[in-house]
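Notes follow the structure.
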Amino acid sequence: MWVLGFAAPEIAASVKAGQFVNIGMRPGPLLRRPFSVYRATGDRIEVVLKAVGAGTAQILAMREGDVASCLGPLGRGFDLTRSARTVALISGGLGVAAMPIAARDARAAGLQVTWVHGARTADELCSETDGDDVILATDDGSAGFAGTAVAAAPDADLVLACGPNRMLAAVARRWPQAQVAVETYMGCGTGVCLGCAVPLTRGGYDRACTEGPVYVASDVDWQALPSHLSYAVSA
Amino acid sequence: MTPNLSVEVGRLRLRGPVLAASGTFGYGTEVPLLERRALAGMVSKGIFLKPRAGTAPPRIAETPAGMLNAIGLQGPGVDALIRDFAPQWAGWDFPVLVNINGESAAEYGELAARLDGVPGVAGFEINISCPNVDQGGMYFGNDPRAAAAVTEAVRSRTKLPVWVKLTPMVSDIGVIARAVEAAGADALSAVNTFVGMSMDLNAYQPRLSFRTGGLSGPAIRPLAVHLAHQAARAVDIPVVGVGGIMRAEDALEFLVAGCRAVQVGTATFVNPNAIADVHDGIAAFMAARGFESLDDLPRYLPRD
Chain A
1 MWVLGFAAPE IAASVKAGQF VNIGMRPGPL LRRPFSVYRA TGDRIEVVLK
51 AVGAGTAQIL AMREGDVASC LGPLGRGFDL TRSARTVALI SGGLGVAAMP
101 IAARDARAAG LQVTWVHGAR TADELCSETD GDDVILATDD GSAGFAGTAV
151 AAAPDADLVL ACGPNRMLAA VARRWPQAQV AVETYMGCGT GVCLGCAVPL
201 TRGGYDRACT EGPVYVASDV DWQALPSHLS YAVSA
Chain B
236 MTPNLSVEVG RLRLRGPVLA ASGTFGYGTE VPLLERRALA GMVSKGIFLK
286 PRAGTAPPRI AETPAGMLNA IGLQGPGVDA LIRDFAPQWA GWDFPVLVNI
336 NGESAAEYGE LAARLDGVPG VAGFEINISC PNVDQGGMYF GNDPRAAAAV
386 TEAVRSRTKL PVWVKLTPMV SDIGVIARAV EAAGADALSA VNTFVGMSMD
436 LNAYQPRLSF RTGGLSGPAI RPLAVHLAHQ AARAVDIPVV GVGGIMRAED
486 ALEFLVAGCR AVQVGTATFV NPNAIADVHD GIAAFMAARG FESLDDLPRY
536 LPRD
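Residue numbers (the numbering used here), protein chains in the order written: chain A, 1 to 235; chain B, 236 to 539.
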């Protein structure tokens, strides 16, 4: 897992938890790649990535001083304005990326923050967690709770989750009112291509980039949302 | 001196040669960043009489220098378009053409009749080339009689400009171009996406839920330039070139190949300001070569 920082003062000043940026490079793949904003400090934003496909591999090959186009902040983030006393942040794998700003904003709103972070193994855990309570979980039991982050999480007034769609579906079963940031392929990020369709329980689709990526868990038709994205893009 | 980039496409006078292609600009209300001064016109997302949910995800897949999409013409239906979008278009300083779709020639005709006279609707682009619907779409576009029948159905219901968007999935685009010209089309948009497919090597199945999708982006540009040129050679009405335009030079290739104007699509996904960048690049090219208007641009268009 890598953290990449970009000088992006306008985005850093306005980004809210759960929002994302769409990063494009020349030379690079045709389409931009969406990333949750991991941290925003001063003039700088950070994103977290793994080399999952050709596009992210090219982003990782960037060196200090290189220039990329960062479009954002995009999407509708987590809603922290609801009246609550406690919040559970549940992240799986790269879903950790949405949580530092959520923790920051939740604390600013006076909430007691419990952050539950899960990964497959201890090696894949992100070490930079932040909360009044931090619970780690691994599928293989090599660190922290042996099992999923969802199983390890306590109940709370507000539940915010980000991670693989399979994990979010489990969140939806336990806390239908949880706010979850879904994962989809994305074309434009600005609402025009309709490529990032999210199937809704009320029928039809809307756009992860515009109405999402954060949804009330029970609003998403988890059967129809692809649970796994294959990133083998050979572009 | 600033070159004059205005063009006439049939009876429609445009302030520049660069339009937004259907399905890449929504209903014109979505992209906040574009500098609209350069936008010569917009073709709306394709509309049917009734609302359509569209296809299940995954709907897009990136490919080398391109992308496949199978959106399935998701849209709110013509009533919502008339209620929610046309009133906004009426106040804009560029024309909006509505991309119309149907499962029969009669449905296309009915859409034209419903939209004719609605303030904000400047004309039509008949979509007989969408690869991502089970009924209609591309199947009208690769049969000259069906293509002509749809064009006549629309032509008989409106006096507004009627453009026809052609599919590249034909053996001779000139045959279709001549058929819709004879049926009363004012202009042609050439071309829509190519049918493509990509396989997921983890799931051993297509990457798109619709199985196939329409290929767009720079990958198709030389194919599209060729087909737009073939269409332009075959007819007397103007051809609007579309397919993989990312930069001004790409647009100029279509213009030199005989097109009157161009549409920019997939580039807008990557660069929300692509249309303005292409327009400005054309202006810079014209100024550098000493051309005062697009009429001065040499064209390569031997007649068949």
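All residues carry an ideal CB built from backbone N, CA and C; glycine is no exception.
{"query": "Quick check on A/Thr236: does DSSP put it in helix, strand or coil?", "result": "Within the shown structure, residues of chain A are numbered from 1 to 235, placing residue 236 of chain A beyond reach of any answer."}
{"query": "Cα-Cα, which of A/Thr56, A/Thr129, A/Leu229 is closest to A/Val182?", "result": "A/Leu229"}
{"query": "I want to see whether chain B comes within less than 7 Å of A/Thr86, judged by CB atoms only; does it?", "result": "no"}
{"query": "With three or more beta-carbon pairs closer than 8 Å as the criterion, would you say the region 270-277 of chain B touches the region 500-512 of chain B?", "result": "yes"}
{"query": "Can you confirm whether B/Val253, when its beta carbon is compared against all beta carbons of chain A, has any partner nearer than 7 Å?", "result": "no"}
{"query": "For A/Ala246, decide whether its Cβ has a neighbour in chain B, counting only Cβ atoms nearer than 7 Å.", "result": "The structure shown does not extend to residue 246 of chain A, since chain A is modelled only from 1 through 235, so no value can be given for it."}
{"query": "Given a cut-off of 7 Å, decide if A/Gly75 and A/Gln19 are closer than it, judged by their beta-carbon atoms.", "result": "yes"}
{"query": "Taking the alpha-carbon of B/Tyr343 as reference, which of B/Ala255, B/Tyr535, B/Ala382 has the nearest alpha-carbon?", "result": "B/Ala382"}
{"query": "Should B/Arg390 be labelled buried (16 or more other beta-carbon atoms within 10 Å of its own) or exposed?", "result": "buried"}
{"query": "Please determine if the region 463-481 of chain B and the region 418-437 of chain B are in contact, where contact requires at least 3 C-beta pairs separated by less than 8 Å.", "result": "yes"}
{"query": "To the nearest angstrom, report how far apart B/Met503 and A/Cys188 are at their CA atoms.", "result": "In the sequence as presented, Met is not what sits at residue 503 of chain B; that position holds Thr. Computed Cα separation, rounded: 8 Å."}
{"query": "Determine the direct distance from the alpha carbon of A/Arg26 to that of A/Pro176, and round the result to whole angstroms.", "result": "42 Å"}
{"query": "Could you tell me the alpha carbon to alpha carbon distance between A/Val233 and B/Val397, rounded to whole angstroms?", "result": "Note on A/Val233: pLDDT 43, under 50, position unreliable in the model; no value is reported."}
{"query": "Answer with buried or exposed for B/Pro537, where buried requires no fewer than 16 other C-beta atoms within 10 angstroms of its C-beta.", "result": "exposed"}
{"query": "Count the other CB atoms, across all protein chains shown, that sit within 10 Å of the CB of B/Pro322; report buried if there are 16 or more and exposed otherwise.", "result": "exposed"}
{"query": "In chain order, what residues of the same chain lie with their CB nearer than 6 Å to the CB of A/Ala156, ignoring the 5 residues before and after it?", "result": "Thr86, Val87, Ala88"}
{"query": "So, are the CB atoms of A/Val152 and A/Val116 less than 7 Å apart?", "result": "Residue identity differs from the one stated: residue 152 of chain A is Ala in this sequence, not Val. In contact: A/Ala152 and A/Val116 (Cβ atoms closer than 7 Å)."}
{"query": "Who are the near neighbours of A/Ser227 in its chain, counting only those whose CB is closer than 6 Å to its CB and skipping five residues on each side?", "result": "Asn165, Arg166"}
{"query": "My parser needs the beta strand (DSSP E) runs of 3 or more residues fully inside the region 336-377 of chain B; what are they?", "result": "358-362"}
{"query": "Could you give the DSSP three-state label for A/Ser234: helix, strand or coil?", "result": "Because the pLDDT of A/Ser234 is 42, which lies under 50, any placement of that residue in the model is unreliable, and the number read from its coordinates should be weighed accordingly. Three-state result, A/Ser234: coil."}
{"query": "Could you please give the first and the last residue of the uninterrupted beta strand (DSSP E) stretch that includes A/Gln179?", "result": "179-181"}
{"query": "Could you give the DSSP three-state label for B/Phe526: helix, strand or coil?", "result": "coil"}
{"query": "Following the continuous alpha helix (DSSP H) through B/Ala414, name the residue where it begins and the one where it ends.", "result": "408-417"}
{"query": "Whole angstroms is fine: what's the gap from A/Ala146's alpha carbon to A/Asp139's?", "result": "6 Å"}
{"query": "Out of A/Trp222, A/Pro9, A/Gln179, A/Gly5, which one is the CA nearest neighbour of A/Thr81?", "result": "A/Gln179"}
{"query": "What is the rounded straight-line gap between the Cα of A/Ser142 and the Cα of A/Ile135?", "result": "14 Å"}
{"query": "Return the first residue and the last residue of the beta strand (DSSP E) that A/Val220 is part of.", "result": "Segment: none, A/Val220 is in no beta strand (DSSP E) and carries neither H nor E."}
{"query": "Can you list the residues of chain B that A/Pro164 reaches, using a CB-CB cut of under 8 Å?", "result": "Going along chain B, no residue has its Cβ under 8 Å from A/Pro164, so there is no contact; the nearest lies around 14 Å."}
{"query": "Are there any heavy atoms of the ligand COA lying less than 6 Å away from the beta-carbon of B/Arg250, as far as the coordinates show?", "result": "This structure lacks the ligand COA; in fact it carries no ligand of any kind."}
{"query": "Quick check: the region 373-380 of chain B against the region 305-322 of chain B, are there 3 or more CB pairs under 8 Å?", "result": "no"}
{"query": "Which residues does DSSP pair with B/Gly448 in a beta bridge?", "result": "B/Gly431"}
{"query": "Out of curiosity, what's the CA-to-CA distance linking A/Arg33 and B/Ala522?", "result": "36 Å"}
{"query": "List the DSSP bridge partners of B/Gly276.", "result": "B/Leu254"}
{"query": "Please specify which runs of the beta strand (DSSP E), each continuous and at least 3 residues long, are wholly inside the region 143-229 of chain A, giving them in chain order.", "result": "158-162, 179-181, 197-199, 205-207, 214-216"}
{"query": "Taking the C-alpha atoms as reference points, what is the distance between B/Thr237 and B/Ala518?", "result": "7 Å"}
{"query": "Checking contacts by CB at 7 Å: is A/Leu31 closer than that to chain B?", "result": "yes"}
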